């Protein structure tokens, strides 16, 4: 089985392809559903290279505009593998009054995600064991065990998901997105992509430049990156984010990290190292393993509003208790109090490994990850080790790593956050440079993405662009705190 992402230069205008007529002429019959929104499904082929074959349904949700409607604003929250439908149900808090007045807010769960033929891999109990397992092997024996576990995980995904597992790549999502545009009755696509959703938007602009309306790409991914470059970039981003957090923490009275930033990082490194062999107890039956500790640290860096909670968790951990950091890890893993895990744990690696195929052997990854681990803070090496999952993935990659070329596209607004750990600011600069029509808006804040995170400057610029098409001035930089 092979992935079937179709290269942009092979697409043309698919609406003119008679094999695709039944997809492009769909009419949506919206119905009321939970959360006060409307829902419907859209039919697309499993394999865009064989549109006469099997199909799947893509789940959609809509919150209609409250006032002078300009059209539909389609949202992808990223991940990869994060479902959009819950965001539509919470749209009043997410998009604000201005956009709610002018746009139908439409979310779609991408193929393989959420309610759209979801990728299936492990049971909740199996996911719990895997998320707690050692993800940073120390020697050849541990490496072999980790690789075997990851190979078993991939095979479970293939066994439980079937043919679709090879077709959840971003280029296939782009094709689905254009069918959605047509079904909504929109001549051009107005799109908001956050985080990994920016890759969907960028590839859409490349594939269908004449169909781009207004496109907001916030927390940008650089499409040109290989798997190794992507993970190393994230490792550097989280290292910077951790340093920002440590400096913030040390300026407050209750911080358990002493001395200067470098000393605080060494203390964290010692804590991470200790939990490799001695996980911390919690208030339940589960323990905070090294892997879960690293996951909890990462979760605390996504939003600087979580920094005080991270400090509380670290104070507890240095006292020998892991409950708070385990709770933060559970947030990242989308685990509820009943031990049920979100489907993102299956969808995310399935999408990422098709989009960023890994050509290195496990031994090469070990060498590279160890080098990253030696020069960065405790999070860096753990992120670099993430390449092992794709080295063991059962489906070949479907998306080439190359810059986007969207000549002829309408103006695109790219937003980058200087202190973004998950999508480093350099990625936003790179994407804006690749898109000839793009304008880069910079926020000097910390945390992941920028729009609707407390900056009046960012929010005003984004809303002006989406409502009127007016781009911010070249080189606009919004201060970290102005809201």
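Residue numbers (the numbering used here): 279 to 761.
We treat Cβ as the ideally placed atom computed from N, Cα and C, and that holds for glycine.
Quantities reported herein were computed from a predicted structural model and do not represent experimental measurements.
Decide if residue 330 is buried, meaning its Cβ has at least 16 other Cβ atoms within 10 Å, or exposed.
Looking at its Cβ environment, which holds fewer than 16 other Cβ atoms inside 10 Å, residue 330 is exposed.
Taking the continuous beta strand (DSSP E) assigned at residue 469, which residues delimit it?
467 to 472 is the span of the beta strand (DSSP E), which, as asked, contains residue 469.
Suppose contacts are defined by Cβ-Cβ distances below 9 Å. Is residue 374 in contact with residue 730 by that definition?
Closer than 9 Å, so yes.
Would you grab the beta carbon distance between residue 442 and residue 390 for me? Rounded to a whole angstrom, and I think it's under 8 Å.
Indeed they touch by this definition, with Cβ atoms about 6 Å apart.
Residues in the same chain with beta-carbon distance under 6 Å from residue 313, minus the five sequence neighbours each way, listed in chain order, please.
Result list for residue 313: 367, in chain order.
The beta strand (DSSP E) with residue 381 in it runs from where to where?
Element bounds for residue 381: 381 to 386.
Out of curiosity, what's the CA-to-CA distance linking residue 395 and residue 741?
The straight-line gap from Cα to Cα measures roughly 33 Å.
Report, in whole angstroms, the separation of the C-beta atoms of residue 628 and residue 446, which I expect to be a contact under 8 Å.
That pair is a contact at about 5 Å.
Which parts of the segment 311 to 388 are runs of the alpha helix (DSSP H), unbroken and 4 residues or longer, counting only runs that do not cross its ends?
If we require 4 residues or more, the alpha helix (DSSP H) runs fully inside the segment 311 to 388 come out as 363 to 367, 369 to 380.
Please identify the residue among 569, 671, 558, 652 whose C-alpha is closest to the C-alpha of residue 626.
That would be 671, whose Cα lies nearest to the Cα of residue 626.
Taking the alpha-carbon positions, what's the residue 643 to residue 478 distance?
Roughly 27 Å separates the two Cα atoms.
Below 7 Å CB to CB, which residues in the same chain sit around residue 500 once its five sequence neighbours on both sides are set aside?
Result list for residue 500: 705, 708, 709, in chain order.
Answer yes or no: do residue 681 and residue 512 have a C-beta to C-beta separation smaller than 9 Å?
Taking 9 Å as the Cβ cut-off, residue 681 and residue 512 do not qualify as a contacting pair.
Run through DSSP, which three-state label would residue 721 get?
Residue 721 falls in the strand class under three-state DSSP.
State the CB to CB distance for the pair residue 585 and residue 508, rounded to an integer number of angstroms; the pair is presumed to be in contact (CB under 8 Å).
In fact, because the Cβ distance is near 25 Å, the residues do not count as touching under 8 Å.
Using only the alpha-carbon positions, how far apart do residue 335 and residue 381 sit?
Going from the Cα of residue 335 to the Cα of residue 381 covers about 24 Å.
So the alpha helix (DSSP H) residue 424 belongs to, where does it begin and stop?
Segment 418 to 439, the alpha helix (DSSP H) holding residue 424.
Mapping DSSP to helix, strand and coil, what is residue 496?
Looking at residue 496 - three-state DSSP - the assignment turns out to be strand.
With respect to the beta strand (DSSP E) encompassing residue 629, which residues constitute its N-terminal and C-terminal limits?
Here residue 629 belongs to no beta strand (DSSP E); instead the alpha helix (DSSP H) covers 622 to 633.
Counting pairs of beta carbons, one from the segment 572 to 579 and one from the segment 606 to 621, are three or more of them closer than 8 Å?
Because the criterion of three Cβ pairs below 8 Å is met, the segment 572 to 579 and the segment 606 to 621 touch.
Use the C-beta contact count for residue 361: other C-beta atoms within 10 angstroms, 16 or more gives buried, fewer gives exposed.
Buried.
With respect to the beta strand (DSSP E) encompassing residue 754, which residues constitute its N-terminal and C-terminal limits?
Premise fails: residue 754 is in no beta strand (DSSP E) and is neither H nor E.
Within a Cβ cutoff of 6 Å, which residues of the same chain sit near residue 527, ignoring the five residues on either side of it in sequence?
If we look at residue 527 and ignore the five residues flanking it on each side, its Cβ neighbours are 533, 535, 589.
Taking the continuous beta strand (DSSP E) assigned at residue 697, which residues delimit it?
Taken as a continuous stretch (DSSP letters only), the beta strand (DSSP E) holding residue 697 covers 690 to 697.
Whole angstroms are fine: how far does the CA of residue 302 sit from the CA of residue 296?
Rounded to whole angstroms, residue 296 to residue 302 spans 10 Å at the Cα level.
Using 8 Å as the Cβ pair cut-off and three pairs as the minimum, do the segment 650 to 667 and the segment 711 to 725 touch?
These segments do not touch.
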